[in-house]
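Here's the structure we're looking at; comments come further down.
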DNA sequence: TTTCAATTTGCATTCGAATGCAAAAATGCT
DNA sequence: AGCATTTTTGCATTCGAATGCAAATTGAAA
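Residue numbers (this note's numbering), protein chains in the order written: chain A, -2 to 353; chain B, -2 to 353.
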């Protein structure tokens, strides 16, 4: 295969000496020619672990540097069947949890020599599109922190694309998962609330279809019951700040039996709820009303909020997620695994003794 | 070129009928074989604008659907020299401005048939790495909302990779830019401050190396002077919440001649500043101290803050950025262009009449 | 029906790097 | 030095889709 067999109609310029047509990027053949070696040698030079003598490596590297040669990841991907791309699926909604996760995952991927192909997914249709795109781009794997239906997952599975779920999973399906289990922390917080004299609580959940929301709600319900706190009412939000604020409006806060604490299944809603309580209902949080969140996003600790919340160890979870993806890329038939992390209570200042 | 010339050692299975080795993804050859046409026909079917008869298209599409065929973007990229990937560079720091921009840009890219390859860049070294990676992955273009030195830009330029700067640019270098010019809004806000009786102000800037910070600072200084407000002091932050809080500590707020308003060159610092004023210094914002920000990020309008700020039209800017990238990909020699957008004042509630 | 143009189709090659295999070179051993 | 090993190197092919060109088909005009 002649690499560059002088196009049929030589455009009068570019004679033998010029190694590189202006603007065209150097290929391994160009480097080989300049170094006086074979293309294979160049290829091996850039592939760690190949059999290459020091002398050869030196010559090639010199030529490569001169031509600013870097291997073409696209061509490499074609032959190796590895794109080094990983699709990362997050929600595009204004929920600071996602950017935090996204950035952490991106860093970890980067450290592992992989690149993040970003997808924002906020509906089933989005997810369908993502799956096709991921397929087209031959991503090595998918890390999903957002919507994905069982059917969609099945498609990826059939196509042998490794998927790691980030803080979500299908209970009745084998899948690879990093997950933060907040059960102990829920108990801890609820017990504390009980000790502080709270007897009535309300909860703001996420969409009922959402597994994380359901799971957290379940834990909260159980813990409340166990600690002698009554769950007066539950309203549904959608994880956004606005829905937290709106949620509070739906809750009857006056009269006997009114809740003295609101538990929100994520921080964004908790912050919305807190702001609503303070600025619209003119309540003092935590004196008049205690509020609890989930996630432990950076912003929840700003001094306007100082939310009492249950943090996920996002850093360690991201690290795990990336490691699991690389493992599954190496050994696709490896059995599925669920790595569970403990949450941690951030004491915050959004809970206090129940008003009398 | 035989596509699938039956591996030398046929593993006793997979005889002639089975069109697809289990797990292998279908290629255009597989589709061609099943449909009884040539590979070129399949290729043309999936390339809009190619010369194909309706009958042929139908046959191919039927076979393609059956095999779940989707063109391989990697292989396509190799031959067309278009990867359909765009590197998006944002800062990984906790500044909600970046996620907002990132998500908007990603959506717009997606609508244009491009995918975002995400890079978080927080130092020159990061940027060096990004440039090499972008080169390796043959990205069609780069949208940079973060650090990039002139030298780094020069490298990309030499390699003919189109770059669009998002809200930053090199003044003494031709470059393609979307930019939000807040000059009128600065004047508007400062005038309002003046009308409210403010005579002394302080400012919290970003790093002095940062062009956006310098530009905003310059505008603020000029406007203050023009409106008879004295700039008592300027302290330097790094665009983060924490640095806004720390910045306020450095400002002498008591005694005659103390500033009655703090202007922060971004919202994150303004929020940090506001929280610090309220919770540590126990000041009433805006009664005791007015605060102004820049960017208009979503969070700045949460009711804990209701920051008076100057918003960038991120949506329209992102749209433009993507359009400019695609234009430059089509016509690399097109002259550079700088699209400037107007800011908009968000009145907010963080400024009030100067205390007496 | 014949002829010519327009459209459709297929052939063969190309993009750039990786890799199995065989040839060549370097090394070790006697 | 002579021979067997081990290590390097190069050759040729491969990955999957796009495309220039020529052949084949279709359609229109005469």
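Positions of the beta carbon are idealized from the N, C-alpha and C atoms, including for glycine.
1. Which partner residues of residue 200/A appear in the DSSP bridge assignment?
2. Give me, in chain order, the residues of the same chain whose beta-carbon lies closer than 8 Å to that of residue 154/A; leave out the 5 immediate sequence neighbours on both sides.
3. Verify whether the separation of the beta carbon atoms of residue 208/A and residue 166/A is less than 9 Å.
4. Within 9 Å (strictly less), CB to CB, does residue 69/B reach chain A?
5. Alpha carbons only, please: which of 44/B, 328/B, 196/B, 212/B is nearest the one belonging to residue 230/B?
6. Are residue 103/A and residue 116/B closer than 9 Å when you measure CB to CB?
7. DSSP has residue 141/A in a bridge; who is on the other side?
8. Mind checking if residue 45/A is an interface residue toward chain B, Cβ cutoff 9 Å exclusive?
9. Is the separation between the beta-carbon of residue 183/A and that of residue 211/A shorter than 9 Å?
10. Report all residues from its chain with a CB closer than 7 Å to the CB of residue 235/B; omit the five preceding and five following residues, and keep chain order.
11. With DSSP run on the structure shown, which of helix, strand or coil describes residue 322/A?
12. What is the DSSP secondary structure of residue 302/B, counted as helix, strand or coil?
13. From the DSSP output, in three-state form, read off residue 127/B for me.
14. Mark residue 120/B as exposed unless 16 or more other C-beta atoms lie within 10 angstroms of its C-beta, in which case mark it buried.
15. Comparing C-alpha positions only, which one of 306/B, 318/B, 344/B sits nearest to residue 109/B?
16. Only counting the same chain, and skipping five residues up and downstream in sequence, which positions put a Cβ closer than 6 Å to that of residue 94/B?
17. Under a three-way DSSP split, which group does residue 117/B fall into?
18. Cα-Cα, which of 340/A, 280/A, 313/A is closest to residue 347/A?
19. With 16 as the cutoff for other CB atoms within 10 Å, does residue 171/A come out buried or exposed?
20. Tell me whether residue 41/A is buried or exposed, calling it buried when 16 or more other Cβ atoms sit within 10 Å of its Cβ.
21. Closer than 7 Å by C-beta to residue 127/B: which residues in its own chain qualify, once you throw out the five before and the five after it? Chain order, please.
22. Mark residue 30/B as exposed unless 16 or more other C-beta atoms lie within 10 angstroms of its C-beta, in which case mark it buried.
23. Please work out which residues of its chain come closer than 8 Å, Cβ to Cβ, to residue 131/A, disregarding the five sequence neighbours upstream and downstream, and give them in chain order.
24. Which residue from 253/A, 174/A, 148/A puts its Cα closest to that of residue 198/A?
25. What are the residues that DSSP puts in a beta bridge with residue 307/A?
26. Report the three-state DSSP secondary structure of residue 176/A (helix, strand or coil).
27. Select from the region 325 to 351 of chain B all residues with a C-beta closer than 7 Å to any C-beta belonging to chain A, and list them in chain order.
28. So what's residue 44/B in DSSP terms, helix, strand or just coil?
29. Beta-carbon within less than 6 Å of residue 25/A's beta-carbon, same chain only, minus the 5 sequence neighbours each way: which residues are those?
30. Let me see if you follow: with CB-CB separation under 9 Å, is residue 273/B close to chain A or not?
31. Is residue 62/B closer than 9 Å to residue 173/B when the C-beta atoms are compared?
32. According to the neighbour-count rule (16 or more other Cβ atoms, all chains shown, within 10 Å of its Cβ), is residue 251/B buried or exposed?
33. If you follow the alpha helix (DSSP H) that residue 100/A is in, where does it begin and where does it stop?
34. Within 9 Å of any Cβ in chain A, is that where the Cβ of residue 57/B sits?
35. Considering only C-alpha positions, which residue in the set 163/B, 316/B, 66/B, 33/B is nearest to residue 145/B?
36. With a cut-off of 9 Å, does the C-beta of residue 103/B fall near any C-beta of chain A?
The structure says:
1. The bridge partners DSSP lists for residue 200/A are 231/A, 260/A.
2. Closer than 8 Å at Cβ, skipping near neighbours: 160.
3. Yes; because the gap between Cβ atoms is below 9 Å, this pair is in contact.
4. Judged by the 9 Å Cβ criterion, residue 69/B is in contact with chain A.
5. Selected option, being the one with the closest Cα: 196/B.
6. Their beta carbons are under 9 Å apart, which means residue 103/A touches residue 116/B by this criterion.
7. Beta-bridge pairing links residue 141/A to 86/A, 162/A.
8. Not one chain B Cβ lies under 9 Å of residue 45/A.
9. Cβ atoms of residue 183/A and residue 211/A: not closer than 9 Å.
10. Once the five neighbours on either side are set aside, the close Cβ partners of residue 235/B are 203, 204.
11. Note: residue 322/A maps to helix in three-state DSSP.
12. Here residue 302/B sits in coil by DSSP.
13. Of the three classes helix, strand and coil, the one that applies to residue 127/B here is helix, per DSSP.
14. Exposed is the call here.
15. Nearest in C-alpha terms to residue 109/B, of all of 306/B, 318/B, 344/B, is 318/B.
16. Cβ within range, chain order: 292, 294.
17. Of the three classes helix, strand and coil, the one that applies to residue 117/B here is strand, per DSSP.
18. Selected option, being the one with the closest Cα: 280/A.
19. Around the beta carbon of residue 171/A, fewer than 16 other beta carbons lie within 10 angstroms, which makes this residue exposed.
20. By the neighbour-count criterion, in which 16 or more other beta carbons inside 10 Å mark a residue as buried, residue 41/A falls on the buried side.
21. If you ignore the 5 residues before and after residue 127/B, its C-beta comes within less than 7 Å of the C-beta of 84, 86, 116, 118, all in its own chain and listed in chain order.
22. Residue 30/B is buried by the Cβ-count criterion.
23. Correct list, in chain order: 84, 114, 116, 139, 153, 158.
24. Of 253/A, 174/A, 148/A, the smallest CA-CA separation from residue 198/A is found for 253/A.
25. Beta-bridge pairing links residue 307/A to 291/A, 342/A.
26. Residue 176/A falls in the strand class under three-state DSSP.
27. Residues passing the 7 Å Cβ filter: none.
28. Coil, per DSSP.
29. Here the set comprises 36, 39, 40.
30. Yes, because at least one Cβ of chain A sits closer than 9 Å to the Cβ of residue 273/B.
31. In this structure, the beta-carbon distance from residue 173/B to residue 62/B does not fall below 9 Å.
32. By the neighbour-count rule (16 or more Cβ atoms within 10 Å), residue 251/B is not buried but exposed.
33. 94 to 108 is the extent of the alpha helix (DSSP H) around residue 100/A.
34. So, not an interface residue.
35. For residue 145/B, the closest C-alpha among the options 163/B, 316/B, 66/B, 33/B is that of 163/B.
36. Taking Cβ atoms only, chain A reaches closer than 9 Å to residue 103/B, which makes this a yes.
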